[in-house]
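Here the sequence shown is numbered in my numbering, starting from 5 and rising by one per residue.
Here's the structure we're looking at; comments come further down.
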Amino acid sequence: MSQRLNLIVLGKQGAGKGTQSTVLAERYAIPHVSTGDILRNAVAAGSELGQQVESILHAGDLVNDELVNQLVRERFKEADAQKGVVLDGFPRTIGQAEALEEMLGDDGIKLCINLDVPTELVTQRLSSRRVCQECGATYKDTDVEAISGTCSACGGDVIQRTDDYPDAIRKRLETYERDTEPLLKFYGARGLLVTVDGDQRPNEVTDEIMKLVHERGLA
Ligand code: AMP
Numbered sequence: 005m006s007q008r009l010n011l012i013v014l015g016k017q018g019a020g021k022g023t024q025s026t027v028l029a030e031r032y033a034i035p036h037v038s039t040g041d042i043l044r045n046a047v048a049a050g051s052e053l054g055q056q057v058e059s060i061l062h063a064g065d066l067v068n069d070e071l072v073n074q075l076v077r078e079r080f081k082e083a084d085a086q087k088g089v090v091l092d093g094f095p096r097t098i099g100q101a102e103a104l105e106e107m108l109g110d111d112g113i114k115l116c117i118n119l120d121v122p123t124e125l126v127t128q129r130l131s132s133r134r135v136c137q138e139c140g141a142t143y144k145d146t147d148v149e150a151i152s153g154t155c156s157a158c159g160g161d162v163i164q165r166t167d168d169y170p171d172a173i174r175k176r177l178e179t180y181e182r183d184t185e186p187l188l189k190f191y192g193a194r195g196l197l198v199t200v201d202g203d204q205r206p207n208e209v210t211d212e213i214m215k216l217v218h219e220r221g222l223a
């Protein structure tokens, strides 16, 4: 078996993918690759890519497979990705999952971690989420940073992401159910799927994931 630790963190928006992916990337010393972050950064930078995808992101729709696959293909070429990656928000469709298999060849995905959280709870989490526009720190709407609009980490503006507005949340969750949920079967059929209860404290979720990775002899 190859030494590359390619992990996928799957789950609804608001299930905690970003939080868990960040911690796993740190623990295993591999990069956290979030297609959502790559696309949001492109929008913030006003690049050609950003201009192309801005309205799609704001509406909570999916960017087309070809474009996202190309971004990931490029990211895999970078030096830091040679020991593995934690994929967050990719793949999101069967087409992307098939493209990923082609990209990685035999050196494929080692585990797909499904963070299971009920829809009502993720809706609550997303509606109350506020983020710092500068450093990306996240807060709840009741936190002092959200009320004052100022990030305590960097002094940046704390805002609500437009794709966390109610209509966009509804659309993103519908899209998840239609396009992304079929991936559970896809990875289940390959014996690569594990499901973890995402409605626990973040460190408990991490412990459970790391135990599963360890039990499979992956790290
Ligand atoms: P996320 O932060 O993962 O929820 O992504 C934010 C937005 O970026 C999504 O609502 C999509 O518009 C877009 N996006 C991120 N990842 C993908 C992907 N794998 N395929 C298509 N669109 C994506």
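Every residue, glycine too, gets a C-beta built ideally from N, C-alpha and C.
Note: residue 10 is bridge-paired with 89 in the DSSP secondary-structure output. Under a 10 Å Cβ-count criterion, residue 218 is classified as exposed, with fewer than 16 other Cβ atoms of the shown protein chains found around its own Cβ. Along the length of the segment 7-85, whole alpha helix (DSSP H) runs at least 4 residues long occupy 21-32, 39-49, 52-63, 69-80, reported in chain order. In the three-state scheme derived from DSSP, where H, G and I count as helix and E and B as strand, residue 123 is classed as helix. Counted as a single uninterrupted DSSP element, the beta strand (DSSP E) harbouring residue 133 occupies residues 133-136. When the five nearest sequence neighbours on each side are left out, the beta carbons in the same chain lying within less than 7 Å of the beta carbon of residue 167 are those of 61, 62, 64, 176, in order along the chain.
Measuring C-alpha to C-alpha distances from residue 117 to each of 57, 17, 78, 216 identifies 216 as the nearest. Membership of residue 201 in the beta strand (DSSP E) is indicated by the continuous run 197-201. DSSP places residue 142 in no alpha helix (DSSP H) but in the uninterrupted beta strand (DSSP E) bounded by 142-144. Cβ atoms of residue 27 and residue 43 stay farther apart than 8 Å, at about 22 Å. Exclusion of residue 209 from the 6 Å shell around ligand 1 follows from its C-beta lying no nearer than that to any non-hydrogen atom of the ligand.
Just so you know, the alpha carbons of residue 87 and residue 213 end up roughly 19 Å apart.
Distances taken from the Cβ of residue 26 to the heavy atoms of ligand 1 include none shorter than 6 Å. Relative to residue 38, the option among 14, 59, 52 whose CA is nearest is 14. With a cut-off of 8 Å on Cβ pairs, the segment 16-31 is not in contact with the segment 103-116, counting fewer than three such pairs.
In the DSSP assignment, residue 176 falls within the unbroken alpha helix (DSSP H) covering 170-179. If you check the C-beta of residue 94 against ligand 1, you find a heavy atom less than 6 Å away. The Cβ atoms of residue 184 and residue 129 do not sit closer than 7 Å to each other. Relative to ligand 1, even the nearest heavy atom lies 6 Å or more away from the CB of residue 121. Residue 154 carries a strand assignment under DSSP once its states are collapsed to helix, strand and coil.
Residues of the same chain with a CB within less than 7 Å of the CB of residue 149, apart from the 5 flanking positions on each side, are 143, 155, 156, 162 in chain order.
The beta carbon of residue 186 is closer than 7 Å to those of 98 in its chain, skipping five residues each way along the sequence.
In this structure, residue 25 sits near residue 90, with a CB-CB distance shorter than 7 Å.
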